[in-house]
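Line by line, the protein sequences are chains A and B.
With our numbering applied, the first sequence covers 1 to 320.
With our numbering applied, the second sequence covers 1001 to 1346.
Encoded as structure tokens, the structure appears first; notes follow it.
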Amino acid sequence: MSAPAEIRVRVTEAEAVTPAIKRLKLVPVTSNALPDFSGGAHTVVHYTDGPRHVRNPYSLMGSPFDSSAYQISVLRVPDSRGGSALIHDSVNEGTEITITSPINLFPIDRRARRHILIAGGIGITPFMAMTAQLDREGADFQLHYAMRCRDTGAYWKVLQGLYGHRVHTYFDDSNQTLPLTRLLDGQPLGTHLYVCGPAGMIDWVLKTARHAGWPDENVHYERFAAPPPGNTFAVELAKSKRTIEVGPRESVLEAIEAAGIEPQFLCRGGACGQCETAVVCADGTLQHNDHYLSDDEKASGKKMMICVSRFEGARLVLDL
Amino acid sequence: MGLMFKDETYRGDFTFYNSPEAIRHFPFPFHEDKYMYAVNIEPHAPGPKGSAYEFPIDVDEHYVADMKDRAIVLAEDPLRCQSLPHMITAEWDLVELLMTSMSEAYPEHFTLTRNGDAWHWINRPLGIDDEFTFGDTSTLRYPPMEYITRQCQGDFCLLDQRDGDLWMDSGMVTSQADWSLDFDIGMSFKEWHAPVPLAHEVGIFDRALKFLLAMQIGRPVRRLNWTMTINPRLDTSPENYHKWGTDRTTVTPENVGDKVHLRVELQALWRLPRSNAIVFSIRGYLIKMREVATIPKWSRRLHRVLKTLPPELAAYKGLTRYQQMTIDWLAKHDDGAPTTPGVWPE
Ligand code: HEM
Ligand code: FES
């Protein structure tokens, strides 16, 4: 039980798909094939350039049937902790980076008779791989893709070219809205819904689906939280008997890694549960930012997802 | 060097036995003089040459006999192999995993040639030479999982991963220790583990499930499980309890050495790439008490393990009736000397 396997890859294409989205094609440095994967999988990119450092999750958007290369899309997030900006600024054709072996937290439900995929903005990336797989397996799917405008939206023309009328686009600047209620109404039994996009959109879709009587098992979403910034605080590590400082723009996980300790992780976005850490003592307030712990667990103050959650107060001791 | 496949039986006259090499090949499960359930999961990394861990999929001298026994079971009871329709991608993933592992580890016995989706598979020990289209079920004589698991030792379950759980939605199970695929099909991880004593209470299944859900491609893991079987029988299923249940009453102090077998399951798990399913392989190994006694460390240790086994475990594993007789027999092979840590012979 350890951190995921890492693979060294070289960037062979770096394309500005839109002003804010950079597409990277990655090929393995030492072997000629990457691990096969399934639609919905992600990898964690690890890259260091001097003092700047990034370790972020990105969905694999190439075809799962092409193991010669992976493709990811990096959205430059303004006011980010610098990770996506670092990739935009210094990762180019020829750059070597490290990625983890793929892991799928957003898999296709294969019992579905029909798959309805709902994407907002950069949330399109896992669906790029999923549609390739669903199409090849002959499944019944439709993609509904909402974007701000035609210029900043990525890949919608490619997708229309590949899947024609199965792709529906909605552009905010043309006052087109995704007709969610109508879409959810009257679907055949066994239809599954998948959503990936901004937090507000995911909430809206989940709420509307529940309201319309959809069972939770038929509604799937992927929601990676970016570790939010905050105030500096200290963490005492009970097992390794050390105290480390977590800076305003780093997560507990990152601060611990910088100190040479390698806790478990998979998503680094508060979704997978792997980094769950027992809180030995918390004299202050735990700021839970994950989507993994239940409300009761959060309230109990006994556990913390160190990839995204923070602390404010006098003293925090973790079982690490 | 190729393996010599033995002509032997797991029923009727029970001619199964282990050669000295097969005894040393046996995955002895006890690393200390006592036993209790634990989350005993470790990376499925290559082990010492000649051991059951040398290759990801182990083929041994019992291969041909195992496959014959499977064919007999399936002919009598086709429900030992079942697969729900949504598992078809996982079935093909399994074909790929087993064919590549077997042909890479044992090139003298198995050959796989791939040209895009046009695959050519040669299995020399079973006299099979088939060309088929990967992904097209109509080009094989059985559905993909059945096709390949009729050619691979051990039982297999394919677990679908959804809603934060694993579901037993597919399997080939002909040599099980008293559980039934027909009963468990469609169940979740905790549902099919419900009959296991003591382990739920201490959170073993919570931790194991959390670990499995996060399993990654290319990082297989394994664990060992064990029980005991009277006569070298592979098929100790609930479906056939009437055939083997009474075997337990035939053990006498004189025949323990030949009748009582330690049965170890080498269970390996892989994340499957395109289906995101998990395959759970349950490869059973049998060894007679007389054969265990050829490795002094093993007979000393097994004696002590059986003597101190929690009664709930003995009852669940069905040993109660012949446990004391077996302990008495093994006592003659335990001089009380300390044993070295680990499973390997001294
Ligand atoms: C997902 C893959 C797995 C499958 C398909 C599986 C299946 C089974 C089945 C069918 C049984 C028999 C239950 C009965 O009596 O009806 C069993 C027993 C058991 N399983 Fe699992 N299992 C899996 C993984 C694990 C893991 C990871 C652990 C780790 C702790 C575990 C621990 C046990 C234990 C302790 C028993 C009782 C065995 C004995 O004493 O003979 N299983 N399992
Ligand atoms: S690493 Fe996935 S929840 Fe923290």
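We put the beta carbon where it would ideally sit given N, CA and C, even for glycine.
None of the values given here were measured: they were computed from a predicted structure.
Strand pairing of Q1267 of chain B, partner residues [DSSP]: B:R1223, B:I1282
Got a sec: does the ligand FES put a non-hydrogen atom nearer than 7 Å to the Cβ of A271 of chain A? yes
With respect to the beta strand (DSSP E) encompassing T12 of chain A, which residues constitute its N-terminal and C-terminal limits? 6-18
Any contact between the region 1121-1131 of chain B and the region 61-78 of chain A? By contact I mean 3 or more CB pairs, one from each, below 8 Å. no
Among B:D1155, B:R1248, B:F1134, B:M1187, which one has its Cα closest to the Cα of L1269 of chain B? B:D1155
Assuming G284 of chain A contacts F311 of chain A under a Cβ cut-off of 8 Å, what Cβ separation, rounded to an integer in Å, is found between them? 6 Å
Excluding the five sequence neighbours on either side, which residues of its own chain have a C-beta within less than 7 Å of the C-beta of M1 of chain A, listed in chain order? Residue confidence for M1 of chain A is low, a pLDDT of 39 falling below 50, so the modelled location carries little weight and cannot support an answer.
Please classify E1131 of chain B: does DSSP put it in a helix, a strand, or coil? strand
According to the neighbour-count rule (16 or more other Cβ atoms, all chains shown, within 10 Å of its Cβ), is S1083 of chain B buried or exposed? buried
Through-space distance from G164 of chain A to Y1142 of chain B, alpha-carbon basis: 36 Å
Please classify E250 of chain A as buried or exposed, where buried requires at least 16 neighbouring CB atoms within 10 angstroms. buried
Going by other Cβ atoms of all chains shown within 10 Å of its Cβ, with 16 needed for buried, is S174 of chain A buried or exposed? exposed
Tell me, please, whether the CB atom of R1283 of chain B is closer than 8 Å to any CB atom in chain A? no
What in chain B is Cβ-close to D109 of chain A, meaning under 7 Å? R1162
Compute the beta-carbon to beta-carbon distance between A225 of chain A and H291 of chain A, rounded to the nearest angstrom, for a pair I have assumed lies under 8 Å. 7 Å
Chain-ordered residues of the region 1266-1282 of chain B with a beta carbon less than 9 Å from chain A: R1271, L1272, P1273, R1274, S1275, N1276, A1277
Any heavy atom of the ligand HEM closer than 7 Å to the Cβ of T1227 of chain B? yes
What separation, rounded to the nearest whole angstrom, lies between the Cα atoms of N1225 of chain B and P1029 of chain B? 7 Å
So Q71 of chain A is in the alpha helix (DSSP H); what residue range does that whole segment cover? Counting along the chain, Q71 of chain A falls outside any alpha helix (DSSP H), though it belongs to the beta strand (DSSP E) covering 70-75.
Against chain B, does A5 of chain A count as a neighbour if the rule is that its beta carbon must be under 8 Å from one of theirs? yes
If the cut is a Cβ gap below 7 Å, which residues of chain B does C272 of chain A touch? A1214
Please work out which residues of its chain come closer than 6 Å, Cβ to Cβ, to K25 of chain A, disregarding the five sequence neighbours upstream and downstream, and give them in chain order. T12, E13, A69, Q71
To which residues does DSSP link I99 of chain A through a beta bridge? A:I7, A:V45
In whole angstroms, give me the CA-to-CA distance for T1340 of chain B and L1313 of chain B. 25 Å
D1155 of chain B lies in the alpha helix (DSSP H); which residues open and close that run? Taken as a continuous stretch (DSSP letters only), D1155 of chain B belongs to no alpha helix (DSSP H), being part of the beta strand (DSSP E) at 1155-1162.
Using the three-state DSSP reduction, which class does S2 of chain A fall into: helix, strand or coil? The pLDDT assigned to S2 of chain A is 47, lower than 50, so where the model puts this residue is not dependable, and the model offers no usable value.
Beta carbons nearer than 9 Å to chain B: which residues of the region 200-216 of chain A have them? D216
Give the C-beta separation of D140 of chain A and R114 of chain A to the nearest angstrom, bearing in mind that I take them to be a contact with Cβ-Cβ under 8 Å. 4 Å
Is there at least one Cβ from chain B nearer than 8 Å to T98 of chain A's Cβ? no
Can you determine whether any heavy atom of the ligand HEM sits closer than 7 Å to the C-beta of F1189 of chain B, and answer yes or no? yes
When you compare the CB of I256 of chain A with every CB in chain B, is at least one pair closer than 8 Å? no
Do the region 81-91 of chain A and the region 115-131 of chain A make contact, defined as three or more Cβ pairs closer than 8 Å? no
Within 8 Å (strictly less), CB to CB, does M1 of chain A reach chain B? Residue placement at M1 of chain A cannot be trusted, given a pLDDT of 39 that sits under 50; what the coordinates show is reported in the next sentence. Output row for M1 of chain A: interface = yes.
I'd like the list of long-range same chain contacts for T232 of chain A, defined as Cβ closer than 7 Å, with 5 residues on each side in sequence excluded. E245, V246, G247, P248
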